[in-house]
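Per the working numbering, residue 2 is the first one in the sequence shown, and the count goes up by one each step. Heads up, the beta-carbon is just placed ideally off N, CA and C, and yes, glycines get one too. Here's the structure we're looking at; comments come further down.
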Amino acid sequence: MSGTGPEETSPYGSGSAAPRPQEATATPRRVRIPHLHEMKARGQRWAMLTAYDMYAAEIFDEAGIPVLLVGDSAGNNVYGYETTVPVTLEEMVPLVRAVATATRRALVVADLPFGSYGASVEQGFASAVRLMKEGRAHAVKLEGGAAMVPLVRALTGAGIPVMAHLGFTPQSEHQLGGYRVQGRGDAADALVADALALQGAGAFSVVLEMVPAPVAERVTKELDIPTIGIGAGAGTDAQVLVWSDFAGLRSGRSPRFVKKYADLRGTLLDAARAYAADVESGAFPDAGHSFES
Numbered sequence: 002m003s004g005t006g007p008e009e010t011s012p013y014g015s016g017s018a019a020p021r022p023q024e025a026t027a028t029p030r031r032v033r034i035p036h037l038h039e040m041k042a043r044g045q046r047w048a049m050l051t052a053y054d055m056y057a058a059e060i061f062d063e064a065g066i067p068v069l070l071v072g073d074s075a076g077n078n079v080y081g082y083e084t085t086v087p088v089t090l091e092e093m094v095p096l097v098r099a100v101a102t103a104t105r106r107a108l109v110v111a112d113l114p115f116g117s118y119g120a121s122v123e124q125g126f127a128s129a130v131r132l133m134k135e136g137r138a139h140a141v142k143l144e145g146g147a148a149m150v151p152l153v154r155a156l157t158g159a160g161i162p163v164m165a166h167l168g169f170t171p172q173s174e175h176q177l178g179g180y181r182v183q184g185r186g187d188a189a190d191a192l193v194a195d196a197l198a199l200q201g202a203g204a205f206s207v208v209l210e211m212v213p214a215p216v217a218e219r220v221t222k223e224l225d226i227p228t229i230g231i232g233a234g235a236g237t238d239a240q241v242l243v244w245s246d247f248a249g250l251r252s253g254r255s256p257r258f259v260k261k262y263a264d265l266r267g268t269l270l271d272a273a274r275a276y277a278a279d280v281e282s283g284a285f286p287d288a289g290h291s292f293e294s
């Protein structure tokens, strides 16, 4: 059991608002779940990004991103799969451990991959324990509504924090008929009910993916715990993006809800071409990059 005292009531020190990245202290405190709840109570929005390796984790941690998600989106961002469905628990554990080890401040959440928790509470509990013990995650995330209540209750009762995920749930892509907006029309009431049920079971936050903005805003107002939107409008408490999307690393069309903040693909492409040209011309390595006898 880690020692926490009154001095850890805020991840930002004595102030009530988050500092800009350049104002962060040299030894920032770890973001905890109560801090996220405090931010919701203050109406303070926050960002979450995915991370799958130590370098991305270090950079986002330094930038002051309070929550990092090691998502099963690693399937189509690390492993080259078409969907998240093939990702295994064995493939998730080392990614989670790399991110958790590289961060000093961010809360690290690990996805429970498809097939690792749906069969029974016992299966889900065992999988979550692996992500916490072997992966060193601080929390786990799972997809699904009221059917997940027994598992959420069991996990939180054992001290494993749970982030829920509603709306479009990628692990159910084949059942849902592809990437489709969820929660329209009469389905909105069911989505709200699922969110309330998950909150009642102990979930500390809920991701809302590809949900109409008015519905996501309604859920946000109904819940005491934070909502995290991705393709759910501006009315949620937080936002999440896949880092390779927001950094412009992937080629091709991006989902409508993605905003590119960099052209990392273009930067790396230019760098690789310049390196290859230097090698071919003999410009690299030069004397400054060689050792004398």
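query = What is the DSSP secondary structure of G201, counted as helix, strand or coil?
reply = helix
request  = Assign I125 to one of two classes, buried (16 or more other C-beta atoms within 10 Å of its C-beta) or exposed (fewer than that).
outcome  = In the sequence as displayed, the identity of residue 125 is Gly instead of Ile. Classification of G125: buried, given that the 10 Å Cβ count is 16 or more.
request  = Compute the beta-carbon to beta-carbon distance between R254 and R266, rounded to the nearest angstrom, for a pair I have assumed lies under 8 Å.
outcome  = Not really, about 13 Å apart at Cβ, beyond 8 Å.
ask   = What residue from A138, D187, A233 has the CA that sits closest to H166's CA?
value = The option with the nearest alpha carbon to H166 is A233.
message = Quick check on S206: does DSSP put it in helix, strand or coil?
response = strand
inquiry  = Does the CB of P256 have a neighbour CB from chain C at under 9 Å?
reply    = The structure shown contains no chain C; it is built from a single protein chain.
task = Give the range of the alpha helix (DSSP H) segment to which G168 is assigned.
result = Taken as a continuous stretch (DSSP letters only), G168 belongs to no alpha helix (DSSP H), being part of the beta strand (DSSP E) at 163-168.
query = So I60 is in the alpha helix (DSSP H); what residue range does that whole segment cover?
reply = For I60, the enclosing alpha helix (DSSP H) begins and ends at 55-64.
key: Backbone CA spacing between G184 and G201 [nearest angstrom]   = In this structure, the straight-line span from the alpha carbon of G184 to that of G201 is close to 20 Å.
ask   = Can the beta-carbon of I229 be found less than 9 Å from the beta-carbon of D238?
value = yes
request  = Check whether the Cβ atoms of L242 and L69 sit closer than 9 Å, and answer yes or no.
outcome  = no
key: Top-ranked residue by Cα proximity to A155, from P215, G145, S121, F258   = S121
task = Starting from E135, trace the beta strand (DSSP E) both ways and give me its first and last residue.
result = Per DSSP, E135 belongs to no beta strand (DSSP E) and is neither H nor E.
message = Considering Cα atoms alone, identify which of H290, A204, R30 is closest to T157.
response = A204
key: For H36 and T26, the rounded distance between their alpha carbons   = The pLDDT assigned to T26 is 46, lower than 50, so where the model puts this residue is not dependable; a value taken from the coordinates is nonetheless given after this. When rounded, the distance between both Cα atoms is 17 Å.
Cα-Cα separation between F115 and Y262, rounded to whole angstroms = 30 Å
query = Would Y53 pass as a contact of V100 if the rule is Cβ separation under 9 Å?
reply = yes
One or two residues paired with L242 in a DSSP bridge = L50
inquiry  = Rounded to the nearest angstrom, what separates R98 and S128 at their Cα positions?
reply    = 14 Å
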